[in-house]
Every structure is written in C-alpha cells, then in structure tokens.
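Residue numbers (the working numbering): 850 to 984.
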C-alpha cells in the first residue's frame with residue numbers, strides 16, 4: 850500500500866511548471882491589453898478600426914478569464930497533491946487516495962482549459978491575418 854504514495858511525486862514538478870506557464874500567459878495578455886487600450890485612446894481610433902480593436906479586447910478578456918481559471922485550478926491541484934502526501938504520511942490511505950484523485954482531475958480540467966485558451970488565441974491571430982488580407 851505504501852508504494853502508491855509515490856504517485857504524487859509525479860505530479861509534484863508538473864503542477865508548478867504549468868503554473869509558471871499560465872503566469873507567463875497572464876503577463877503577456879495583460880501587457881497586450883494595456884498596449885491595445887493605450888493605442889485606442891492615444892490615436893483616437895474610430896469607425897471600423899475601433900470596432901476591430903474592441904473585438905480584440907473582448908477576445909483578450911475571455912482569455913484572461915480562462916488563464917485566471919487555469920491558475921486557480923492548478924493551485925487547487927497542487928494543494929490536493931500536498932494533502933495526498935500529508936495524509937499518506939499519516940497512513941490515512943483512503944483519504945490520501947481520494948485527494949490524489951481530486952488532484953489529477955482538477956489538473957486535467959486546468960489543462961483542458963489551457964487547450965480552450967489556446968484555441969481562442971488562434972482565433973485572435975486569425976483576425977489579425979484577416980486584417981492583412983484586406984490591405
């Protein structure tokens with residue numbers, strides 16, 4: 850029974866790495882939002898071009914929500930993983946097993962959310978390519 854408590858060690862390095870990745874996406878998105886916001890205000894952009902920028906900001910807002918969700922889910926997964934180790938140490942096998950199951954499920958949801966965010970990111974890039982085609 851003790852051997853099964855090696856499993857949390859497999860998740861242990863993966864979760865912080867993903868949290869770092871999600872944090873980097875957060876920084877990139879927030880920088881892009883600020884830049885777009887400042888550009889709209891500074892250049893007093895109007896008409897069709899302004900609508901395009903506003904559409905871009907809507908997409909960025911969706912992505913920010915997803916990144917925040919990914920970070921939260923990863924943190925919860927990390928906590929469940931730590932609880933697995935703790936309860937395994939206390940020899941509460943059933944509780945430790947349950948915590949590990951939660952850690953894996955929550956981490957899977959975080960990764961699925963990451964995939965969705967990537968798809969939205971691709972949609973945003975396609976909008977930029979469409980703008981270039983109009984030139």
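Ideal Cβ placement from N, Cα and C applies to all residues, glycine included.
Can you tell me where the alpha helix (DSSP H) holding residue i begins and where it ends?
i: residue 986; result: No statement about residue 986 is possible, as the shown extent of the chain runs from 850 to 984 and does not include it.
Could you check the C-alpha separation between residue i and residue j for me, to the nearest Å?
i: residue 895; j: residue 903; result: 11 Å
i: residue 913; j: residue 891; result: 23 Å
i: residue 966; j: residue 910; result: 11 Å
i: residue 859; j: residue 879; result: 32 Å
i: residue 978; j: residue 887; result: 22 Å
i: residue 855; j: residue 875; result: 32 Å
i: residue 929; j: residue 964; result: 22 Å
i: residue 959; j: residue 871; result: 10 Å
i: residue 968; j: residue 940; result: 43 Å
i: residue 980; j: residue 898; result: 10 Å
Quick one: what's got a C-beta closer than 6 Å to residue i's C-beta in the same chain, skipping five residues either side?
i: residue 953; result: none
i: residue 973; result: 908
i: residue 956; result: 926
i: residue 863; result: none
Quick one: residues in its chain with C-beta nearer than 8 Å to the C-beta of residue i, no 5 flanking neighbours on either side, listed in chain order?
i: residue 962; result: 915, 918, 919 and 922
i: residue 865; result: 927
i: residue 868; result: 920, 923, 924 and 927
i: residue 885; result: 902, 905, 906 and 909
i: residue 948; result: 929, 930, 932, 933 and 936
Considering Cα atoms alone, identify which of the options is closest to residue i.
i: residue 975; options: 886, 857 and 901; result: 901
i: residue 877; options: 980, 982, 970 and 981; result: 970
Please determine whether the Cβ atom of residue i lies at a distance below 7 Å from any heavy atom of the ligand NAD.
i: residue 959; result: Annotation note on the ligand NAD: not contained in the displayed structure, which lists no ligands.
By Cβ distance below 7 Å, which residues in the same chain neighbour residue i in space, the five residues on each side in sequence not counted?
i: residue 861; result: 930
i: residue 945; result: 854, 933, 936 and 937
To test your reading of the DSSP string, which unbroken alpha helix (DSSP H) runs of 4 or more residues are found completely within the segment 854 to 927? 856 to 892
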